[in-house]
Amino acid sequence: MIGRRTILETISVGVVVFCVGCLERILKDDDEETTVLVVSNLSDEDLWFNIAIKGSDGTSLLEDRFFLEEGKGYATEQFEDVARFVEYELSSDESGTTRIPTDLEAPRSWPRKLFADYSPDDGLVVHSP
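Taken in order, the sequence shown gives residues 1 to 129; the numbers are from the UniProt record's numbering.
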């Protein structure tokens, strides 16, 4: 038979482990200046996207591949807030590089959110909310 003490010890350990994990995540998000890029597909077709987010010195900060249906969006993993370029390649054989403007009026809460809209006419355009 399991006693009250065993049950309380189990609950206490579970709560402590959970709280430590939450605290680590909260502190990590607050301490690191990171950015998330939200990509929207404004075209009339479903597309595969290959993107590489790079710093001003060409250092790769994030590489990602994802599928977007027409009219849908996708949020990348967090990356360092020193990104300056997004290289992209699409399943439609279109590719290009777009600059991330440094003067965007995006709120400086972390992770910061930037948006990139893809359309066949304009390509991939990065902007603030």
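Just so you know, even glycine gets a beta-carbon here, dropped at the ideal spot from N, CA and C.
Bear in mind that the values here come from a model prediction, so they are computed numbers and not experimental data.
Residue i versus residue j: straight-line alpha-carbon distance, rounded
i	j	result
Arg65	Pro129	23 angstroms
Trp110	Val86	20 angstroms
Val16	Arg112	Only weak support is given to the placement of Val16: the predicted model assigns it a pLDDT of 46, under 50, and the value that follows is read from those uncertain coordinates. One C-alpha to the other measures close to 30 angstroms.
Tyr88	Leu114	16 angstroms
Asp121	Ser95	13 angstroms
Gly123	Pro101	16 angstroms
Arg84	Asp117	16 angstroms
Ser119	Thr34	26 angstroms
Ile51	Val126	13 angstroms
Cβ neighbour criterion (16 or more within 10 Å) applied to residue i
i	result
Thr59	exposed
Phe49	buried
Test item: CB-CB of residue i and residue j under 7 angstroms
i	j	result
Glu80	Asn41	no
Val36	Thr76	yes
Leu61	Gly55	yes
Residue nearest to residue i in terms of C-alpha spacing, selected from the options
i	options	result
Ser92	Leu68, Glu32, Val125, His127	Leu68
Asp57	Val82, Gly96, Gly123	Val82
Ser43	His127, Gln78, Arg84, Lys72	Lys72
Glu32	Tyr118, Gln78, Val126	Gln78
Asp46	Ile53, Leu90, Ala52	Leu90
His74	Asp103, Ile53, Val38, Ala52	It is worth fixing the name first, because residue 74 is Tyr in this sequence and not His. Measuring from the Cα of Tyr74, the nearest candidate turns out to be Val38.
Test: residue i CB closer than 7 angstroms to a CB of chain D
i	result
Arg99	Chain labels in this structure do not include chain D; a single protein chain is all it has.
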